[in-house]
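Written below as structure tokens is the structure these notes are about.
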Amino acid sequence: MSESAGAAATDTGIAPLVSGDIEGKSLGDRIYRGVTTVFAAAVPILLVLIALEVLIAAWPAFSRFGLSFLTSSSWDPVRQQFGAAPMIYGTLVSSALALLIATPFALGVAIFLAEFAPPWLRQPIAFTVDLLAAVPSVVYGLWGIFVLIPFLRTTVSPFLRDTLGLSALPFFAGADYGYNMLSASVILAIMILPYTSAVAREVLLAVPRSQREAALALGATKWETIRDAVIPYARSGIMGGIILGLGRALGETMAVTMLIGNRHEISTSLYAPAYTMASLIANEFAEATGDVHISALMAVGAVLMLTTLIVNVIARWLVWRVSREVRA
Amino acid sequence: MTRYTAPRRSLTRRHVTNKVMVGLTFGAAFVATLPLLFILAYLLLKGTTSINLDFFTRLPPPPGETGGGMGNAVGGTLVLIGVAALIGLPIGIGSGLYLAEKRESRLATVVRFLADVLNGLPSIVVGIFAWQVLVRPFGHFSALAGGVALGAMMIPLVSRTTEEMIRLVPVALREAALALGYSRWRTSLAIVLRTALPGIVTGALVAIARIAGETAPLLFTALGNQFWSFRLSEPIAALPLQIYVFAISPYDDWHRLAWAGALVLIGVVFVISVAARAATRSRFGVGGD
């Protein structure tokens with residue numbers, strides 16, 4: 000049905016009422032329109048308010064430390080020296096690693112559910128993976144401390160270092176005390192998997208059937224159809240799903256705080272404790288001493304906010320592009 | 000597509016590749032379901048024994064003492080949810096109504112996009128915003144600040160589900176009301192919103208389940224409290240906060256309570272999620288009326 004407001008009668012002879020429904024001229028209609036518009040406007044206003052408040056509170060730190068706030072590695076509340084480089088590094092590396100681990104699984108799940116799975120298996124698997132997104136972050140942290148860390152220390156690490164002989168690499172150097180970059184990245188990977196796979200699945204399902212049928216009619220196998228006809232069509236949307244997962248990973252707080260070890264140091268080893276922007280704020284904010292310290296933490300929050308904003312806008316734009324193509 | 004008119008590889012090999020890919024994607028799906036099963040198994044294993052009446056009625060024990068519960072945290076979480084719902088539900092449902100009724104307008108497009116962006120904003124950033132607005136000026140942590148932070152996070156969730164649910168209402172219903180002489184606003188509220196109400200309530204419950212487990216925005220707003228407190232102007236305990244404090248503590252008794260708290264939290268979240276799924280499917284899945 001046409002969606003243009005106030006369009007003429009359609010084929011069925013019924014004027015479309017989908018849009019412009021609250022365009023009436025009576026007093027009640029005007030009030031109703033005003034009230035719902037105010038509520039709708041609350042969303043952009045809230046977002047702008049959050050951005051402004053955080054940026055204003057962060058300004059003293061930015062103007063005092065300038066660019067060195069992003070490049071310096073010394074975070075010392077006692078000497079009032081603040082540089083966020085270790086936290087920025089930790090955030091980027093843990094998120095990138097999580098993405099590296101989660102993406103193959105997320106795409107596998109999405110392809111299996113959208114293309115291969117028999118109907119009776121589709122719902123249970125989809126629901127189980129979706130529920131992963133409903134598990135609170137602090138529960139992931141608790142499980143990570145008492146189940147995941149011991150498992151990584153006793154089973155995965157010996158396998159990586161001794162069986163595969165990776166301990167010579169700088170990435171796997173040093174003692175494994177459990178609370179480190181690797182543990183945080185693995186828990187992050189589990190946490191972002193449902194987001195990426197949900198978006199990828201939706202995008203795959205949005206690919207028109209004709210696209211599949213054309214490839215199958217040419218004699219392609221099911222997998223060749225997916226590889227050559229479905230995935231190219233959905234590519235930007237799948238990218239959107241991956242980047243959406245990245246956005247989640249960058250801002251994830253509790254589980255990472257509980258597993259990453261929280262140390263302001265840059266180390267190439269995945270077995271070294273690290274720090275992220277979100278976990279720094281979580282640990283220090285409530286006990287922050289003095290205005291400079293608070294402003295520095297706000298500045299870290301501002302960097303985190305701007306990064307996730309950019310990442311999210313890119314992701315949404317990519318996903319939106321696919322859905323627009325499908326509709327057109 | 001020229002590939003298929005002149006296949007370079009043998010048919011058998013292409014079929015084998017096909018089978019291998021089916022197997023690989025199934026493997027990925029299988030592995031992806033494991034974390035949830037293991038999390039649930041451990042929660043049940045370690046949490047069940049500590050859940051009893053005391054858990055819901057007693058205060059946390061001092062370190063080293065057995066017994067006690069998380070009664071104040073359960074109560075505090077209910078208070079925080081109440082405050083959040085008072086803020087998040089009206090604004091979320093109102094903006095959802097607008098999005099569904101004026102879906103093509105420029106404001107609707109902007110709001111829809113920004114609601115998604117707001118949804119992707121790290122919860123800790125919402126927390127420092129609430130601190131800046133409601134803790135800093137007053138000079139003390141408060142339940143109100145925590146509730147507002149959670150409420151802000153609810154708005155985009157409720158807004159988008161409300162829009163989706165209203166869109167499922169058949170156009171014919173709307174047209175029938177208008178044809179009977181209902182004004183537009185009454186049609187929208189008394190017919191459309193009313194029809195979509197069960198779906199909207201479900202969406203609201205899912206949003207509440209989502210924010211009930213949020214910890215990060217409460218760390219420096221609600222702060223936590225060792226004692227019973229229900230006053231909005233004072234720091235208040237919350238279940239996720241208490242789980243966090245107990246989980247990183249060195250005491251076995253506190254660990255036990257943390258597992259029990261996590262089991263309660265996830266029980267509530269899952270019951271709501273499963274019920275919501277069943278409700279929306281039975282309502283809108285078949286037939287569509």
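Protein chains in written order, with numbering that gives the first Met the number 0: chain S, 0 to 327; chain L, 0 to 288.
Virtual Cβ for every residue (Gly too), placed ideally from N, Cα, C.
Where residue i meets chain L, residues with beta-carbon distance less than 8 Å
i, result
"Gly-300/S", "Ile-123, Val-124, Ile-127"
"Met-304/S", "Leu-120, Pro-121, Val-124"
"Asn-179/S", "Ordered by position in chain L, no residue passes the 8 Å Cβ test against Asn-179/S, which lies about 16 Å from the chain."
"Phe-158/S", "The contacting residues do not exist; Phe-158/S stays about 16 Å from chain L at best."
"Gly-246/S", "Gly-119"
7 Å Cβ cut-off: residues of chain S touching residue i
i, result
"Met-20/L", "Trp-222"
"Ile-235/L", "In chain order: nothing, as chain S lies at least about 14 Å away."
"Tyr-181/L", "Those do not exist, as Tyr-181/L stays about 10 Å from chain S at its closest Cβ, beyond 7 Å."
"Ser-94/L", "Phe-38, Ala-39, Ala-41, Val-42"
"Leu-373/L", "The first residue shown for chain L is 0 and the last is 288, placing residue 373/L beyond what the model contains."
"Val-132/L", "Glu-52"
"Pro-136/L", "Here the premise fails: no neighbours, minimum Cβ distance about 11 Å."
For residue i: DSSP bridge partner residues
i, result
"Asp-75/S", "Gln-80/S"
"Leu-222/L", "Ile-235/L"
Buried or exposed by the 16-neighbour rule on C-beta atoms within 10 Å, applied to residue i
i, result
"His-14/L", "exposed"
"Pro-62/L", "exposed"
"Trp-258/L", "buried"
"Trp-142/S", "buried"
"Gly-81/L", "exposed"
"Val-270/L", "exposed"
"Tyr-178/S", "buried"
"Trp-74/S", "buried"
"Glu-100/L", "buried"
"Phe-226/L", "exposed"
"Val-30/L", "exposed"
"Ala-206/L", "buried"
"Trp-119/S", "exposed"
"Phe-137/L", "exposed"
"Glu-223/S", "buried"
"Phe-104/S", "buried"
"Trp-321/L", "Lying outside 0 to 288, the shown extent of chain L, residue 321/L is not represented and no answer is given."
"Lys-45/L", "buried"
"Pro-231/S", "exposed"
Neighbouring residues, chain S, relative to residue i (Cβ below 8 Å)
i, result
"Trp-253/L", "The premise fails here: Trp-253/L is roughly 11 Å from chain S at the closest Cβ pair, so nothing lies under 8 Å."
"Arg-276/L", "Phe-126"
"Tyr-97/L", "Thr-35, Thr-36, Phe-38, Ala-39"
"Leu-23/L", "Gly-107"
"Asn-17/L", "Thr-220, Lys-221, Trp-222, Glu-223"
"Ile-154/L", "Ala-41, Val-42, Leu-45"
Contacting residues, own chain, Cβ-Cβ under 6 Å from residue i (five flanking each side not counted)
i, result
"Thr-307/S", "Gly-246, Leu-249, Gly-250"
"Leu-148/L", "For clarity, residue 148/L is Ala in the given sequence; the question names Leu instead. For Ala-148/L, where only same-chain residues beyond five positions count, the Cβ hits under 6 Å are Val-125, Gly-126, Ala-129, Pro-216, Thr-220."
"Gly-150/L", "Ala-83, Ile-86, Gly-87"
"Tyr-243/L", "Thr-214"
Contacting residues, own chain, Cβ-Cβ under 7 Å from residue i (five flanking each side not counted)
i, result
"Ile-293/S", "Ala-287"
"Gly-173/S", "Ser-268, Tyr-270, Ala-271"
"Ser-71/S", "Gly-82, Ala-84"
"Leu-98/L", "Ala-107, Val-110, Arg-111, Ser-158, Glu-162"
"Ala-275/L", "Thr-201, Leu-204, Val-205"
"Pro-186/L", "Here the sequence assigns Thr to residue 186/L, which means Pro is not the residue at that position. The answer, listed in chain order, is Arg-173, Ala-176, Leu-177."
"Arg-262/S", "Pro-272, Ala-273, Tyr-274"
"Leu-159/S", "Leu-165, Phe-171"
Test: residue i CB closer than 8 Å to a CB of chain A
i, result
"Trp-142/S", "Of the chains in the structure shown, none is chain A; the protein chains are S and L."
Contacting residues, own chain, Cβ-Cβ under 8 Å from residue i (five flanking each side not counted)
i, result
"Ala-254/S", "Ser-136, Val-137, Tyr-139, Gly-140, Gly-143, Ala-183, Ile-186, Leu-187, Met-190"
"Asn-224/L", "Asn-71, Gly-75, Glu-233, Pro-234, Ile-235, Ala-236"
"Asp-115/L", "Pro-155, Arg-159"
"Pro-149/S", "Gly-177"
Amino acids of chain S, ordered along the chain, whose beta-carbon sits closer than 9 Å to that of residue i
i, result
"His-14/L", "Thr-220"
"Gly-212/L", "Ala-133, Val-134, Pro-135, Ser-136, Val-137, Val-138"
Neighbour list for residue i in chain L, Cβ cutoff strictly below 9 Å
i, result
"Met-257/S", "Tyr-243, Ala-246, Ile-247"
"Ser-25/S", "Ser-182, Arg-183, Trp-184"
"Leu-384/S", "Residue 384/S is absent from the structure shown; chain S starts at 0 and stops at 327."
7 Å Cβ cut-off: residues of chain L touching residue i
i, result
"Phe-104/S", "Ala-27, Val-30, Ala-31"
Ranges of the alpha helix (DSSP H) found wholly within the stretch 218-272 of chain S, counting only runs of at least 4 = 221-224, 230-250, 253-258
Return the chain-ordered ranges of every alpha helix (DSSP H) run that is complete within the stretch 34-78 of chain L and spans a minimum of 4 residues.
-> Every alpha helix (DSSP H) stretch that sits fully inside the stretch 34-78 of chain L and reaches 4 residues is listed by chain position as 52-56.
Give, in chain order, every unbroken run of the alpha helix (DSSP H) that is at least 4 residues long and sits entirely within the stretch 94-160 of chain L.
-> 105-119, 122-129
Inside the stretch 129-203 of chain S only - alpha helix (DSSP H) runs reaching at least 4 residues | If one requires a minimum length of 4 residues, the alpha helix (DSSP H) runs lying completely within the stretch 129-203 of chain S are 136-142, in chain order.
Could I get the ranges of all uninterrupted alpha helix (DSSP H) runs contained in the stretch 161-188 of chain L, with 4 residues as the minimum, in chain order?
-> 170-178
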